[in-house]
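Position 292 (the sequence shown) corresponds to 291 in numbering that gives the first Met the number 0; numbering is contiguous. Quick reminder that beta carbons are idealized off the backbone N, C-alpha and C, glycines included. A quick write-up on the structure given underneath.
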Amino acid sequence: MKNESGNYGRPAGLRRGRRRFAAAVLAAGILYAARAGGGAGPAGEGAMQDPDRMTDADWKKTLTEEQYDVMRCSATERPFTGKYWNHHGTGVYACAACGQELFRSSEKFDSGTGWPGFWRTAAAGRVIEKADTSHGMRRVEVVCSRCGGHLGHVFEDGPQPTGMRYCINSAALEFSPAAPPASGDPRLETATFGAGCFWCSEAAFDLLEGVREVKVGYMGGTVEKPTYKQVSRGDTGHAEVAQVTYDPARVSFDELLHVFWKIHDPTTLNRQGADVGTQYRSVVFYHSDEQKRRAEASAAKEAAKLGKKVVTQIAPAAVFYPAEDYHQEYFKNNPAFLP
Ligand SMILES: [Zn+2]
0 MKNESGNYGR PAGLRRGRRR FAAAVLAAGI LYAARAGGGA GPAGEGAMQD PDRMTDADWK
60 KTLTEEQYDV MRCSATERPF TGKYWNHHGT GVYACAACGQ ELFRSSEKFD SGTGWPGFWR
120 TAAAGRVIEK ADTSHGMRRV EVVCSRCGGH LGHVFEDGPQ PTGMRYCINS AALEFSPAAP
180 PASGDPRLET ATFGAGCFWC SEAAFDLLEG VREVKVGYMG GTVEKPTYKQ VSRGDTGHAE
240 VAQVTYDPAR VSFDELLHVF WKIHDPTTLN RQGADVGTQY RSVVFYHSDE QKRRAEASAA
300 KEAAKLGKKV VTQIAPAAVF YPAEDYHQEY FKNNPAFLP
């Protein structure tokens, strides 16, 4: 990993922050120990319509006319008319028919064609490529791997690092902002961390001055609106995360990272103590290039300090699904679980 040097060290700020960190880390340790022996909470199962069982009539009912034409009849919207060809929000573009996350804003580029262009899909296996010889052309059609909906085509004239251009109909996509502006206050920023059990992370970040709110939830998986039960089984791909809304004038992202490293073991792959599974993976979901750079630099520094490989994933933020209400402020509401 590239080690970005520069203005990383801020001795005065760190010293100021250290007392707060000590309190947070101590609390996290206690909470972690409490949770390690504890069981999982109850959960309801979120039912989702199986795309394979959708009939043509069902699709007609659930999709708009334009979505139906594009996604079920492989029509192409007219260029420069869709809602996303000139769209520059930060977030995720999901399949308009089934909600699977397909593309991310960090991999979108202005292709000049009048359709949204992406140089990579959000994850492997999200789309299926099919040979398409319609209209006397040899093209590669791209469909959603989950519902089979037509999305567009992929060409080999995109930008590096992949050289691919996924040319997608706006009508086949539904955009979700990565992090809705917290309480509308533009000074606040968002950070999202996966450090094993989210109750512990929540409690640790909650103690920091400058942290306005911490919500626990799920990020980075393939299922829309996952439930705790689904995530716990470990097959949705989501990580348990704490989403932190903070005032960067009072607590820096580096300081949040400092707590993040302290409250978990970033050297064990998909495992935190007794908790095993990808849902407990160590991950920083970044909301800006600046956060990405700082997280990478911080991870390199942490690895050097530990003398061990840090397995923490550093990935672009995706849709944050808040966990069920009974998970929020778990320890505050369940003091019996505290030692
Ligand atoms: Zn789909």
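Closer than 7 Å to a non-hydrogen atom of ligand 1 - does that hold for the CB of residue i?
i, result
"CYS196", "no"
"GLN99", "yes"
"ARG71", "no"
"ARG145", "yes"
"ALA122", "no"
"GLY236", "no"
"LYS88", "Correcting the residue type first, residue 88 is Gly in the shown sequence and not Lys. It does not: the Cβ of GLY88 is nowhere closer than 7 Å to a heavy atom of ligand 1."
"ALA170", "no"
"CYS94", "yes"
"GLY148", "yes"
Within a Cβ cutoff of 8 Å, which residues of the same chain sit near residue i, ignoring the five residues on either side of it in sequence?
i, result
"VAL24", "Confidence is the limiting factor: at VAL24 the pLDDT is only 47, short of 50, which leaves the residue's position unreliable, though a coordinate-based value still follows. Correct list, in chain order: ALA203, VAL258, LYS261 and ILE262."
"ARG249", "GLU208 and GLY209"
"GLN290", "ALA190, PHE252 and VAL283"
"THR112", "PRO78, TRP84 and CYS166"
"ARG9", "Residue confidence for ARG9 is low, a pLDDT of 33 falling below 50, so the modelled location carries little weight and cannot support an answer."
"LYS308", "THR266 and ALA302"
"GLN66", "ALA95, ALA96, ALA170 and ALA171"
"PHE197", "VAL215, GLY216, GLU239, VAL240, ALA241, ALA322 and HIS326"
How is residue i classed by DSSP in three states: helix, strand or coil?
i, result
"TYR325", "helix"
"SER251", "coil"
"PHE259", "helix"
"GLN99", "coil"
"CYS146", "coil"
"ARG34", "Interpretation of ARG34 is limited by its pLDDT of 38, a score under 50 that renders its predicted location unreliable; no figure is taken from the coordinates."
"ALA22", "Residue placement at ALA22 is poorly supported in this model, since its pLDDT is 47, which falls under 50; the coordinates are not used for a value here."
"TYR92", "strand"
"THR61", "helix"
"PRO265", "coil"
"PHE319", "coil"
"GLU295", "helix"
"GLU128", "strand"
"LYS107", "strand"
"THR244", "strand"
"ALA302", "helix"
"ASP234", "coil"
"GLY116", "strand"
"VAL69", "helix"
"ASP274", "strand"
"GLU289", "helix"
"ALA122", "coil"
"ALA74", "coil"
"ARG138", "strand"
Counting only the same chain and skipping the five closest in sequence on each side, list residues whose C-beta sits under 7 Å from that of residue i.
i, result
"VAL222", "GLN229 and THR235"
"ALA21", "Note on ALA21: pLDDT 44, under 50, position unreliable in the model; no value is reported."
"GLY216", "VAL240, GLN242, PHE319, TYR320, PRO321 and ALA322"
"SER105", "PRO315"
"LEU305", "THR266"
"ARG145", "PRO50, CYS94, CYS97 and GLN99"
"ARG211", "ALA181, LEU187, THR244, TYR245 and ASP246"
"ILE127", "VAL142 and SER144"
Apart from the five residues on each side of it in sequence, which residues of its chain come closer than 6 Å, Cβ to Cβ, to residue i?
i, result
"LYS107", "PHE117"
"LYS129", "GLU140"
"ALA27", "Confidence at ALA27 is low in this model, with a pLDDT of 45, below 50, so its placement is unreliable and the value that follows should be read with caution. Counting only Cβ-Cβ distances below 6 Å, and skipping sequence neighbours, we find CYS199, ALA203 and ILE262."
"GLU173", "ALA93 and ALA95"
Rounded to whole angstroms, how far is the Cβ of residue i from the Cβ of residue j, which I believe are closer than 8 Å?
i, j, result
"SER287", "PRO265", "Not confirmed; about 21 Å, so no contact."
"ALA122", "HIS149", "With a Cβ gap of about 20 Å, ALA122 and HIS149 do not count as contacting."
"GLU201", "TYR245", "Actually they are not in contact, since the Cβ atoms of GLU201 and TYR245 sit about 13 Å apart, beyond 8 Å."
"THR80", "LEU101", "Contact flag wrong, Cβ pair sits at about 20 Å."
"TYR279", "ILE313", "No, TYR279 and ILE313 are not in contact; Cβ-Cβ is about 17 Å, not under 8 Å."
"ASP274", "GLY219", "With a Cβ gap of about 16 Å, ASP274 and GLY219 do not count as contacting."
"ARG164", "VAL153", "7 Å"
"ALA294", "VAL91", "That belief does not hold up - the Cβ atoms of ALA294 and VAL91 are roughly 19 Å apart, past 8 Å."
"LEU256", "SER297", "4 Å"
"ASN168", "THR75", "6 Å"
"GLU155", "GLY162", "6 Å"
"PRO176", "GLY88", "6 Å"
"PRO115", "HIS86", "7 Å"
Looking at residue i and ligand 2, is the gap between the Cβ and the nearest heavy atom below 7 Å?
i, result
"GLU223", "No copy of ligand 2 appears in this structure; the ligands present are ligand 1."
Would residue i count as contacting chain D if we go by Cβ distances under 8 Å?
i, result
"LEU305", "The question asks about chain D, but that chain is absent: this structure has only one protein chain."
query = If you scan the segment 143-231 from start to end, which runs of the beta strand (DSSP E) of 3 or more residues do you find wholly inside it?
reply = 149-154, 164-167, 172-176, 188-194 and 210-218
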